[in-house]
Amino acid sequence: LRHLLTLDGLPKEILCRLMDRAGQIRDTAMGRTQRRSDLNGGTVCTLFFEPSTRTRSSFHIAAQRLGADVLNFDASTSSTRKGETARDTLRNLEAMGVRGFIVRHAEDGAVAQLAGEAGEGTSVINAGDGRSGHPTQGLLDVLTIRQAKGPDFSKLKILITGDVKHSRVARSDLHALRTMGAGDIRVCGPASLLPEDDTLAGCQVGEDFDAMLEGADVVMMLRLQRERMEEGLVSSLEDYHRHYGLTAARLRRAAADAVVMHPGPINRGVEITDEVADGPQSLVLRQVSNGVAIRMAVLEMLLG
Ligand code: CP
11 LRHLLTLDGL PKEILCRLMD RAGQIRDTAM GRTQRRSDLN GGTVCTLFFE
61 PSTRTRSSFH IAAQRLGADV LNFDASTSST RKGETARDTL RNLEAMGVRG
111 FIVRHAEDGA VAQLAGEAGE GTSVINAGDG RSGHPTQGLL DVLTIRQAKG
161 PDFSKLKILI TGDVKHSRVA RSDLHALRTM GAGDIRVCGP ASLLPEDDTL
211 AGCQVGEDFD AMLEGADVVM MLRLQRERME EGLVSSLEDY HRHYGLTAAR
261 LRRAAADAVV MHPGPINRGV EITDEVADGP QSLVLRQVSN GVAIRMAVLE
311 MLLG
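Sequential numbering from 11 applies to the sequence shown in full-length UniProt numbering.
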């Protein structure tokens, strides 16, 4: 594998190999303090044209733990502000010796396009493009589910709720869950926030959150992406919370040992209450720490 641009079509064998490796990394000093030399001499760049806390920081930590030099490119203080294109930015950084790019971009397909324009020995990882995909988030999400519920996804009732329409996380999660053989994938949200294309093929889709929660083993909540939203898609945040906010009372409809996930950043009190986000069933911070391990595994596979 040279680039990681999407989970769509990525074989289960590769998904499992990455999860197994991330698990090993987590279970040893590799995932914490030990510095290794796998990427020694290589420079990787986090090339982010959109904000990030988790993805950017965890890739930075992952690359450093593998012994790479890490360049954090900040679009807001770069020549992007003077009109330089993403392609020229990448080609110039490549000329300085960067061999791995971790790219986030607001436009669908922009990261794949950059990968097509990169030089021979360069690898590109999609860290989120538009609404299309966020493959390493999909990987860390299935890893988190596998740790909590075991390797057989076929019996799990997995519910994804919220702003699916604007969510690249949901798309990558769906790709990964289908590949892992998830048998019962439910998707819930107001009709205005559900995609109309074939994104949800094979899923049970509904607008009634309480009904969809019944018996769920995994409840994945999504952020309301107000920055990508046209006016009027949501009547009010209070109204949204009333219908789609995950509260402790609502969570009791799910299986007793259900786990709760959210990719972050969280709009607390909108899609999820503090009590649930910080409660005993929440795997939110587990997702974050798995992010470092899975990104180490991805960097190792692509650049090691
Ligand atoms: N989950 C996620 O992509 O978070 P960031 O936007 O903070 O990277």
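Where is the CB? At the ideal position from N, CA and C, for every residue including glycine.
The three-state reading of DSSP puts Ala201 in helix, counting H, G and I together.
Between Leu187 and Leu25, the beta carbon gap of about 10 Å keeps them out of contact (Cβ cut-off 8 Å). Annotation: Arg296 to Gln34 spans about 15 Å, alpha carbon to alpha carbon.
Here Arg156 has Met29 as same chain residues with Cβ atoms under 7 Å from its own Cβ, once five neighbours each way along the sequence are excluded. The Cβ atoms of Val54 and Gly110 lie closer than 7 Å to each other. The beta carbon of Val121 sits closer than 7 Å to those of Leu15, Val113, His115, Val134, Asn136, Asp139, all from its chain and outside the five residues before and after it, given in chain order.
In the structure shown, the three-state DSSP call for Ser292 is strand. Counting C-beta pairs with one atom in each stretch, the segment 84 to 100 and the segment 286 to 305 have fewer than three that are closer than 8 Å, which means they do not touch. Exposure of Thr63 is indicated by the presence of fewer than 16 other C-beta atoms within 10 angstroms of its C-beta. Secondary structure of Cys55 (DSSP, three-state): strand. By the beta-carbon neighbour count (other beta carbons within 10 angstroms, threshold 16), Asp183 is buried.
For Met106, the secondary structure class from DSSP, reduced to helix, strand or coil, is coil. Secondary structure of Thr171 (DSSP, three-state): strand. Residue list for the ligand CP: Pro61, Ser62, Thr63, Arg64, Thr65, Arg66, Gly138, His144, Gln147, Val179, Pro273, Gly274, Pro275 (CB closer than 7 Å to any heavy atom, chain order).
An exposed status is given to Pro275, since fewer than 16 other beta-carbon atoms sit within 10 Å of its beta-carbon. Within 10 angstroms of the beta-carbon of Gly301 lie 16 or more other beta-carbons, which makes it buried. Leu76 is positioned such that its CB atom lies closer than 7 Å to that of Asp48.
Contact between Arg12 and Leu312 holds: CB atoms are separated by about 7 Å, below the 8 Å threshold.
The alpha carbon of Ile170 has as its nearest neighbour, out of Asp162, Gln123, Asp220, Leu124, the alpha carbon of Asp220. A straight-line Cα-Cα distance of about 25 Å links Lys159 and Asp173.
Between the segment 215 to 232 and the segment 265 to 274 there are three or more inter-stretch CB-CB distances shorter than 8 Å, so the stretches are counted as touching. When secondary structure is reduced to three states using DSSP, Ala259 falls in the helix class.
For Met231, the enclosing beta strand (DSSP E) stretches over residues 228 to 231. Under a 10 Å Cβ-count criterion, Ala307 is classified as buried, with 16 or more other Cβ atoms of the shown protein chains found around its own Cβ.
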